[in-house]
Amino acid sequence: MALEMGYVMDCIHEVWNFPQTSRTLFRGYIDTFLKIKQEASGYPPGCDSVEQKIEFVQEVFRREGIRLEDVEKNPVLRTIAKMFLNCLWGKFGQRQQLTQNRYLSDRGELLELIQDDTKKVMHLELIQNKENDELDLILANYTETDDFVPPCHFGNVVIACYTTALARLELYDALRRLDDRVLYIDTDSIIYVHEDYKWSPPILDSLGCWTDELGGKKITTFVSGGLKNYAYQLDDGSTVCKVKGMTLDYKTNQIINFETMKNMVLSQTDDGKVTVTYPSKNVRGKDHRLFSKDMTKDYHIVYDKRQILKNLNTLPYGF
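If you use this note's numbering, the sequence shown corresponds to residues 178 to 496, in order.
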């Protein structure tokens, strides 16, 4: 794809060849969670009669080789099954250089850790025992240095890269066809303007295909304030608001919602931000103790991926 779009390959560092291949390596894993996801998704819109339901089950079996049994809508179970299907591939490329914790009880252990060239100490915290100072501990946070990161026993960079690259190519193909009708994209999703007689992604509730996450409903108004920060109104009048980093419970939804985001994007607020207070928020300190405190968060529009035009359209930087 990159070569077709005009990119040039200057040099090749390595070529990996795999003489043995398999099309069934993950078949059992995928079939298990795809079956759970399909059953928890319920029957599609318009599938009401017994005959239609039987035909739907038979179609899934013909297409996927999976026999559905207890088909009943269960959003929580569907989310869990979808997570298992999506997260497996990235797990093969998991970063191993993670922060580790170690409790030290004597000076020798501390000196050994500090002088170890294979480790980098990030933080030291004294944990005091008020009743007996001989039981004091030091909590050490450290990581392995670059040259001594242990290999991942379940890792496989080829599977991680190849599988996710195929997904990106599917996303790019849809973006190229939709062109300026695209409103918002994420890792595996697109929100776009549908126009009759123009191409739209084919909807098919099957693995590797585009699915309708709205259950047959349509978005009438959409607004976005940046990455993982959007809201929309459906044709039945209901609204959905998503903001990364904020818990949108009932009280918070009264402050940050579809109308709030729309007004802020259209620059109809005075100070450009909205403050939300979380009373009795559970917080874990550096000493791992859990306590409650009042917490405030400021919500404001953050968009630095592209340049914003006066009509709220966007263009790449340097365009």
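Ideal Cβ positions, reconstructed from N, Cα and C, are used throughout, including at glycine. Model, not experiment: these values are computed from the prediction.
Rounded distance between the beta-carbons of F269 and G219, thought under 8 Å: About 31 Å; that fails the 8 Å criterion.
Can you find at least 3 beta carbon pairs, one from the stretch 207 to 217 and one from the stretch 249 to 261, that sit closer than 8 Å? Contact holds: three or more Cβ-Cβ distances are below 8 Å.
Reduced DSSP category for F331 - H, G, I as helix; E, B as strand; rest coil: Coil.
Within this structure, are the beta carbons of I367 and P379 separated by less than 9 Å? Their beta carbons are not under 9 Å apart, which means I367 does not touch P379 by this criterion.
What span of residues does the beta strand (DSSP E) with C418 cover, start to end? Its beta strand (DSSP E) spans residues 416 to 420.
Take the Cβ of G205 as the centre, count every other Cβ of all protein chains shown within 10 Å, and call the residue buried at 16 or more, exposed below. Sixteen is the threshold: since fewer than 16 other Cβ atoms of the shown chains lie within 10 Å of the Cβ of G205, the residue is exposed.
I'd like to know whether the C-beta atoms of G414 and V479 end up nearer to each other than 9 Å. Cβ atoms of G414 and V479: not closer than 9 Å.
In three-state DSSP terms, what is D475? D475 falls in the strand class under three-state DSSP.
Rounding to the nearest angstrom, what Cα-Cα distance links N147 and K395 in this structure? No information on residue 147 is available, as it lies outside the stretch 178 to 496 that the chain covers here.
Within 9 Å, strictly: CB atoms of K474 and M423: Yes.
Around the C-beta of C338, are 16 or more other C-beta atoms found within 10 angstroms, so that it is buried, or is it exposed? Exposed, since its Cβ has fewer than 16 Cβ neighbours within 10 Å.
To the nearest angstrom, how far is it from the Cα of R483 to the Cα of K405? Rounded to the nearest angstrom, the two C-alpha atoms are 15 Å apart.
Enumerate in chain order the residues of its own chain whose CB-to-CB distance from Y361 is below 8 Å, with the five nearest sequence positions on each side excluded. If we look at Y361 and ignore the five residues flanking it on each side, its Cβ neighbours are I367, I368, F399, S401, Y407.
Compute the Euclidean distance between the alpha carbons of Q431 and P456, then round it to the nearest angstrom. Going by the C-alpha atoms only, they are around 15 Å apart.
Proximity winner among T340, L281, Q305, relative to A317 (alpha-carbon distances): With distances taken between Cα atoms, A317 lies closest to L281.
Leaving out five residues before and five after R244 in sequence, what residues of the same chain have Cβ atoms less than 7 Å from its Cβ? Same-chain partners within the cutoff: F238.
Please report the Cβ distance between T341 and G462, rounded to the nearest whole angstrom; I am assuming they are in contact, meaning their Cβ atoms lie under 8 Å. With a Cβ gap of about 36 Å, T341 and G462 do not count as contacting.
Determine the direct distance from the alpha carbon of L314 to that of E302, and round the result to whole angstroms. Cα to Cα, E302 sits roughly 8 Å from L314.
Does the beta-carbon distance from R353 to K375 come in below 9 Å? Here R353 is not near K375, since their CB atoms are 9 Å or more apart.
So who's on the other strand from W387, going by DSSP bridges? W387 pairs with I380.
Just the Cα atoms here: how many angstroms apart are M520 and E236? Missing from the structure shown is residue 520; the chain here goes from 178 to 496 and no further.
Using the Cβ count rule (16 or more neighbours within 10 Å means buried), how would you classify C264? Its Cβ having fewer than 16 others within 10 Å, C264 is exposed.
Please give the ranges of any alpha helix (DSSP H) in the stretch 272 to 358, keeping only runs that are unbroken, at least 4 residues long and fully inside the region. List check, alpha helix (DSSP H) in window: 284 to 291, 334 to 355.
Short check: CB of Q273 to CB of P328, under 9 Å? The Cβ atoms of Q273 and P328 lie closer than 9 Å to each other.
Taking C-beta to C-beta, are K296 and F261 nearer than 9 Å? Note that the C-beta distance between K296 and F261 is not below 9 Å.
Reduced DSSP secondary structure (H/G/I, E/B, other) of Q431: Of the three classes helix, strand and coil, the one that applies to Q431 here is coil, per DSSP.
At what residues does the alpha helix (DSSP H) containing V507 begin and finish? Limits of the chain in this structure are 178 at one end and 496 at the other, which puts residue 507 out of reach.
Round the Cβ separation of A344 and D363 to the nearest angstrom and send it over; I've been treating them as touching at under 8 Å. In fact, because the Cβ distance is near 12 Å, the residues do not count as touching under 8 Å.
Considering I367, what are the terminal residues of the beta strand (DSSP E) in which it resides? Here the beta strand (DSSP E) through I367 covers 367 to 369.
So what's L202 in DSSP terms, helix, strand or just coil? Reduced to three states, the DSSP call for L202 is coil.
Near I291, which residues of its chain fall below 7 Å by C-beta distance, leaving aside the five closest residues on each side in sequence? Listed in chain order, the non-local C-beta contacts of I291 below 7 Å within the same chain comprise V298, local neighbours out to five positions each way being set aside.
With a Cβ-Cβ cutoff of 9 Å, do D208 and E249 count as a contact? No; because the gap between Cβ atoms is not below 9 Å, this pair is not in contact.
Using the Cβ count rule (16 or more neighbours within 10 Å means buried), how would you classify M441? If you draw a 10 Å sphere on the C-beta of M441, you find 16 or more other C-beta atoms in it, and that means buried.
Report the option in L381, L346, W387, G495 whose CA atom is closest to the CA atom of A179. For the residues L381, L346, W387, G495, the minimum Cα distance to A179 belongs to L346.
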